[in-house]
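These notes concern the structure reproduced below.
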Amino acid sequence: MSTEKIFLDANILFSVAYGSSSLGHLWDLSKKGLCVLLASNYVIEEAKRNLTTEEQLDKLDIYLSNVQIVLEADPSLSCPIDLPKKDRPVLMSAISAKADYFLTGDIVHFGRYFGKTTMGVKILMARDYFQSKTES
Numbered sequence: 004m005s006t007e008k009i010f011l012d013a014n015i016l017f018s019v020a021y022g023s024s025s026l027g028h029l030w031d032l033s034k035k036g037l038c039v040l041l042a043s044n045y046v047i048e049e050a051k052r053n054l055t056t057e058e059q060l061d062k063l064d065i066y067l068s069n070v071q072i073v074l075e076a077d078p079s080l081s082c083p084i085d086l087p088k089k090d091r092p093v094l095m096s097a098i099s100a101k102a103d104y105f106l107t108g109d110i111v112h113f114g115r116y117f118g119k120t121t122m123g124v125k126i127l128m129a130r131d132y133f134q135s136k137t138e139s
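Heads up, the sequence shown is in my numbering, so the first residue is 4 and it goes up one at a time.
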């Protein structure tokens, strides 16, 4: 079984730094070699902008030490699904990094795509990712 590559949206990074204990399970899986966590500087900066305390920022830095930072997607690539301009580079980075999964909590912009695979990347909420692992 190959190691799954999981691209994390800014709201996942924000939530884990804010204290979501359930999301910490992703890092447990990563430490066991069951997945590789990916993020781009674009999503990292967005997460940092939304954190309000030094403690949260420090916590994010600790989590990021176990996240592989990938290159931003080529802005000339067209996004295969209908997304707002600010969300396109996020999905395109996941696609460019050949991620298996894109985890996000953004129901407004990605909700209609949950459970669907776009150019090899399955879009899920974290809880649905965890659920799919317990079922298999």
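Ideal Cβ positions, reconstructed from N, Cα and C, are used throughout, including at glycine.
Counterpart residues of residue i in DSSP-defined beta bridges
i: Val39; result: Lys8
i: Thr121; result: Val124
i: Tyr104; result: Ile9 and Lys125
i: Ile72; result: Ala42
Alpha carbon of residue i to alpha carbon of residue j, nearest angstrom
i: Lys34; j: Thr121; result: 27 angstroms
i: Glu49; j: Thr107; result: 13 angstroms
i: Ser25; j: Ala97; result: 22 angstroms
i: Lys136; j: Gln59; result: 28 angstroms
i: Ser68; j: Trp30; result: 10 angstroms
i: Leu1; j: Glu138; result: Missing from the structure shown is residue 1; the chain here goes from 4 to 139 and no further.
i: Gly22; j: Ser43; result: 21 angstroms
i: Gly114; j: Gln134; result: 17 angstroms
i: Lys101; j: Leu32; result: 19 angstroms
Supposed contact pair residue j and residue i - C-beta distance, whole angstroms, cut 8 angstroms
i: Ile9; j: Cys38; result: 5 angstroms
i: Leu40; j: Lys51; result: Not a contact, Cβ separation roughly 17 angstroms.
i: Asp77; j: Asn14; result: Not a contact, Cβ separation roughly 24 angstroms.
i: Leu11; j: Val70; result: 7 angstroms
Same chain only: Cβ atoms within 8 angstroms of residue i, ignoring 5 sequence neighbours per side
i: Asp131; result: Phe117 and Gly118
i: Glu7; result: Leu37, Cys38, Val39, Asp103 and Tyr104
i: His112; result: Leu86, Pro87 and Asp90
Neighbourhood of residue i by C-beta, 7 angstroms cutoff - its chain only, sequence neighbours within 5 removed
i: Glu57; result: none
i: Val19; result: Leu26, Gly27 and Tyr66
i: Met95; result: Ala76, Leu80 and Cys82
Residues of its chain near residue i, where Cβ-Cβ distance is below 6 angstroms and the 5 sequence neighbours each way are ignored
i: Pro92; result: Tyr45 and Ala76
- Just checking, does the stretch 121-136 make contact with the stretch 95-112 on the three C-beta pairs under 8 angstroms criterion? yes
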